[in-house]
């Protein structure tokens with residue numbers, strides 16, 4: 000909010016600090032003063048008044064009160080005593096009816112006659128302009144001026160334009176319409192509080208005045224309204240009409256009902272001077288439920304305990320009194336404090352401690368390390384394993400990406416996601432971010448496309464949450480979010496051994512995570528499969544026991560030129576199975592011997608089957624079996640493939656004799672050839 | 011006799027030393043004269059057969075000669091080595107400015123690096139790292155944090171809502187405070203890191219999805235002074251230089267008193283520059299002492315407990331640390347950016 004330096008000066012006795020210095024002081028003690036700008040002979044301060052202080056500091060008087068306290072000067076309140084005309088009685092002019100005291104706790108009004116509408120005094124115009132308000136005429140300007148001065152919105156009506164000289168505060172009826180001062184048309188409903196004459200709405204209460212009773216050059220009699228409306232009513236109305244004004248903003252943040260009287264009298268004083276008007280005797284004041292002041296018990300010891308610094312009782316009393324808190328009781332250990340009505344934000348001892356702390360300056364509090372037990376914190380397992388996986392993939396050449404948690408409107412169809420299970424946003428930022436992602440794939444493939452503009456080959460991964468509706472009834476939120484790990488190798492040139500490359504990565508990852516009993520199974524899309532990413536043939540499931548924990552393979556064609564290989568893990572499952580334990584296996588001091596073996600098998604035979612047989616027959620002395628060649632081609636009889644292995648023989652306790660090795664090797668060959676379709680090549 | 015022999019050894023040995031072209035040759039000369047069975051060694055060995063008078067005389071001379079020759083050998087060794095180095099220079103010269111072969115390591119995301127560093131510093135101070143869901147209820151995201159419905163305080167957070175069950179994407183990590191305190195009795199100290207969301211148009215400094223770290227410490231006497239020490243320590247460790255912290259009054263529904271935390275500008279050291287808009291200060295986080303309603307809503311008695319809480323953007327920390335000028339780069343997936351970390 001904008002504040003005029005010269006205007007603030009009016010209410011503080013003694014010269015104000017220079018504008019920049021003042022801004023600095025306010026930043027330290029009250030609110031951040033974001034900018035100081037010179038404007039003619041004045042300076043404009045842009046002060047970031049926080050919403051809790053709307054009740055007093057959306058006003059020059061409120062800020063001036065703060066300045067007076069900070070600079071230890073005297074705060075002076077301007078005159079608010081109009082001279083009333085005894086001949087004219089306010090009650091003879093207007094009749095006011097408030098239908099609901101909850102939505103309109105207070106309604107005050109004054110009447111002015113013989114009004115001469117014209118431009119307002121120069122200083123008022125200048126100050127309004129400094130605060131970004133356009134001057135209109137003396138009546139409207141003074142109403143605005145007093146609002147910026149006191150924080151109380153005021154509204155002026157041309158009395159002669161009100162039917163039956165009546166003002167009714169009521170909710171609008173269905174179908175009622177209004178045209179506001181700036182010629183906007185609004186359809187009203189039962190939720191919207193209005194100011195009406197005997198027939199029609201003439202203003203939207205607390206939000207904006209209507210065109211109908213507008214002050215113009217011919218206006219002679221003015222009714223000035225200073226009312227208090229309930230926060231929620233104004234907020235709801237302002238939201239449903241999508242109409243926010245200076246007034247609605249103040250009301251929805253809350254203003255003390257006590258303020259109307261001072262503000263309307265202050266305006267009357269200025270109107271009398273500025274529009275040479277007569278002020279009718281009396282103040283219309285509907286205020287059935289006067290709210291009593293709040294009292295707070297402040298334990299002095301608590302001030303020190305919470306701030307961590309001792310502030311003398313004398314200083315505490317000085318600060319509270321200067322902020323216009325009343326000390327009702329002053330005991331050795333505690334105070335009973337009465338809160339001034341304009342401080343709607345203060346109701347707890349902690350609120351008072353904030354006042355004491357900020358006026359003292361929080362920066363005077365020393366830095367003292369807390370006393371706490373030396374127990375080391377518990378390890379966060381999720382983060383531990385996330386970091387571990389990140390490190391492994393980084394070492395394997397993968398770069399980590401972070402993507403948005405959203406997917407676009409068209410994405411579900413492209414990837415065959417079941418829309419039923421997707422979480423949709425009520426108010427997405429755009430169609431590109433309509434659903435929460437059920438998989439990391441779509442955005443990662445986008446990364447591939449973008450990066451192909453600059454790179455021929457890339458390896459990326461993301462570890463993040465995916466989201467979907469939950470079928471589990473017991474779930475608190477009826478939604479499920481879980482972590483997934485997806486990695487991609489993409490290159491423009493297809494590589495023959497791509498699949499074994501990506502499998503090498505998953506092998507490495509699983510080994511480093513200490514997972515035992517992993518096996519790879521043929522991919523079988525299940526009916527509730529979450530999307531369709533994989534090449535139907537070049538893809539496998541990764542299993543531990545009977546549990547499927549992930550997939551690897553080539554993706555199906557997503558119109559990306561080249562080869563896209565990927566792996567995907569359910570990270571929650573992966574973490575559960577991961578193990579930190581590791582045991583050293585002694586290195587055998589005895590030499591190893593290598594024998595090669597080539598076997599011809601039907602194409603559909605899995606390498607794993609052959610490997611199993613080799614290991615089974617070989618026993619403990621077979622230390623490693625390594626597939627070094629796989630060939631299916633012209634020289635191989637139809638429907639078969641040739642597998643060639645290095646078999647490493649080694650014992651831990653002796654040097655193997657060649658007869659011994661020969662014997663085992665022979666046993667392996669025999670075992671393989673038990674299958675009539677398999678043929679060991681000699 | 012022996013005298014003459016010594017003379018001839020002296021002349022011949024010196025000549026041969028001079029002639030030697032490499033260490034191998036020199037070694038041969040050394041063996042010939044000074045080796046175990048070398049000429050001079052043999053003379054020295056046979057001294058005891060001579061009469062005492064002569065033994066003294068010859069012995070002295072022979073030892074002198076030994077010293078002289080040893081000196082010559084040492085000198086020659088140096089000479090040969092020097093020469094050898096010069097020779098290598100020409101033949102085996104390499105251009106050390108040829109770029110090294112690129113090793114294809116991967117890269118962690120800059121925010122991952124920042125998260126790890128933040129966790130590490132706080133863990134060293136005994137803070138446990140905890141987490142919470144990204145999809146939240148109104149209760150945890152707002153009401154429990156003393157941000158009632160129909161209250162303008164809610165306008166501070168532009169919220170992304172789900173169509174499902176009035177759920178929302180958390181706008182801050184603060185709900186974790188409530189969730190943790192519901193299940194754990196103080197004293198406690200935790201940090202929570204994670205993704206948060208806002209209904210906000212994106213530009214160079216605004217994102218709809220970013221990361222926060224939330225801190226909470228609760229005990230019998232945890233004060234503002236304690237907060238100051240902890241946070242100053244954090245910033246000092248993070249930026250690896252002494253950092254001053256400034257507390258200015260601010261307002262958050264879930265803390266009372268509340269502060270806005272600025273630190274001395276890490277670019278100019280507080281003198282004023284374009285990064286800190288000439289103020290010398292950088293706004294880094296919001297903080298305060300836990301509001302009694304927050305304790306109540308977590309099932310704790312505010313009479314028994316007090317403490318501090320804070321929240322800050324990890325993206326902003328990363329931007330400060332690496333001098334990144336556009337927040338959108340973090341979610342760009344652009345390898346030209348990511349490969350720099």
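Residue numbers (my numbering), protein chains in the order written: chain F, 0 to 681; chain L, 11 to 351.
The C-beta atom is built at its ideal place from N, Cα and C for all residues, glycine as well.
Three-state secondary structure assigned by DSSP to residue i
i: residue 32 (chain L); result: coil
i: residue 196 (chain L); result: coil
i: residue 214 (chain L); result: coil
i: residue 18 (chain L); result: helix
i: residue 10 (chain F); result: coil
i: residue 332 (chain L); result: helix
i: residue 279 (chain F); result: strand
i: residue 465 (chain F); result: strand
i: residue 346 (chain F); result: coil
i: residue 401 (chain F); result: coil
i: residue 218 (chain F); result: coil
Contacting residues, own chain, Cβ-Cβ under 6 angstroms from residue i (five flanking each side not counted)
i: residue 250 (chain F); result: 205, 228 and 233
i: residue 438 (chain F); result: 465 and 530
i: residue 290 (chain F); result: none
Below-7 angstroms beta-carbon distance, residue i vs any chain L residue
i: residue 497 (chain F); result: no
i: residue 19 (chain F); result: no
i: residue 364 (chain F); result: yes
i: residue 477 (chain F); result: yes
i: residue 684 (chain F); result: For residue 684 (chain F) there is no data in the structure shown, the boundaries of chain F being 0 and 681.
i: residue 136 (chain F); result: no
i: residue 382 (chain F); result: yes
i: residue 389 (chain F); result: yes
CB contact below 7 angstroms: residue i versus chain F
i: residue 175 (chain L); result: yes
i: residue 9 (chain L); result: Missing from the structure shown is residue 9 (chain L); chain L here goes from 11 to 351 and no further.
i: residue 310 (chain L); result: no
i: residue 137 (chain L); result: yes
i: residue 160 (chain L); result: yes
i: residue 154 (chain L); result: no
i: residue 328 (chain L); result: no
i: residue 324 (chain L); result: no
i: residue 24 (chain L); result: no
i: residue 219 (chain L); result: yes
i: residue 145 (chain L); result: yes
i: residue 252 (chain L); result: no
i: residue 150 (chain L); result: no
i: residue 422 (chain L); result: In this structure chain L extends from 11 to 351, so residue 422 (chain L) is not present and cannot be described.
i: residue 163 (chain L); result: yes
Residues of its chain near residue i, where Cβ-Cβ distance is below 8 angstroms and the 5 sequence neighbours each way are ignored
i: residue 80 (chain F); result: 264 and 268
i: residue 115 (chain L); result: none
i: residue 311 (chain L); result: 305
i: residue 60 (chain L); result: 12 and 68
Same chain only: Cβ atoms within 7 angstroms of residue i, ignoring 5 sequence neighbours per side
i: residue 0 (chain F); result: 46, 48 and 57
i: residue 295 (chain L); result: 271, 320, 321 and 322
Proximity test, Cβ basis, 7 angstroms: residue i and chain C
i: residue 222 (chain L); result: Judged by its chain identifiers, the structure shown contains no chain C, and its protein chains are F and L.
beta-carbon residue i near the ligand MG non-hydrogen atom, thresh 6 angstroms
i: residue 233 (chain F); result: This structure does not include the ligand MG; it has no bound ligands of any sort.
Tell me which residues of the stretch 285-302 of chain L have at least one Cβ-Cβ distance to chain F shorter than 8 angstroms, keeping chain order. Across the stretch 285-302 of chain L, CB contacts with chain F closer than 8 angstroms involve 299, 301 and 302, in sequence order along the chain.
Length-filtered (3 minimum) beta strand (DSSP E) runs lying within the stretch 227-298 of chain L: Listed in chain order, the complete beta strand (DSSP E) runs (minimum 3 residues) inside the stretch 227-298 of chain L are 255-262 and 265-274.
Please name the residues in the stretch 333-347 of chain L whose beta-carbon is closer than 9 angstroms to at least one beta-carbon of chain F, in chain order. Residues 340, 341, 342, 343, 344, 345 and 346.
For the stretch 127-155 of chain L, list the alpha helix (DSSP H) runs that are entirely contained and at least 4 residues long, ordered along the chain. With a minimum length of 4 residues, the continuous alpha helix (DSSP H) runs that stay inside the stretch 127-155 of chain L are 148-151.
What residues from the stretch 108-133 of chain L come within 8 angstroms of chain F, judged by C-beta to C-beta, listed N to C? From the stretch 108-133 of chain L, only 114, 115, 116, 117, 118, 119, 121, 122, 126, 129 and 133 have a Cβ closer than 8 angstroms to chain F.
Along the stretch 178-210 of chain L, where does the CB come closer than 9 angstroms to a CB of chain F? Name the residues. Against chain F - using a Cβ distance shorter than 9 angstroms - the residues of the stretch 178-210 of chain L are 178, 179, 197, 199, 200, 203, 205, 207, 209 and 210.
Could you name the residues of the stretch 234-248 of chain L whose beta carbon sits closer than 9 angstroms to any beta carbon of chain F, in the order they occur along the chain? Along the stretch 234-248 of chain L, going in chain order, the ones with a CB nearer than 9 angstroms to a CB of chain F are 234, 235, 236, 237, 238, 239, 240, 241, 242 and 243.
Residues from the stretch 558-571 of chain F in contact with chain L, defined by Cβ distance under 9 angstroms: Cβ proximity to chain L below 9 angstroms picks out nothing from the stretch 558-571 of chain F.
Would you mind listing the alpha helix (DSSP H) stretches within the stretch 549-618 of chain F that are 4+ residues and don't spill past its ends, in chain order? The stretch 549-618 of chain F contains these whole alpha helix (DSSP H) runs: 570-576 and 606-617.
At 4 residues or longer, what runs of the alpha helix (DSSP H) sit wholly inside the stretch 295-350 of chain F? Here the runs fully enclosed are 299-306 and 312-321.
Extract the residue ranges of the alpha helix (DSSP H) inside the stretch 130-173 of chain F, only unbroken runs of 4 or more that lie entirely within it. Correct list: 137-149.
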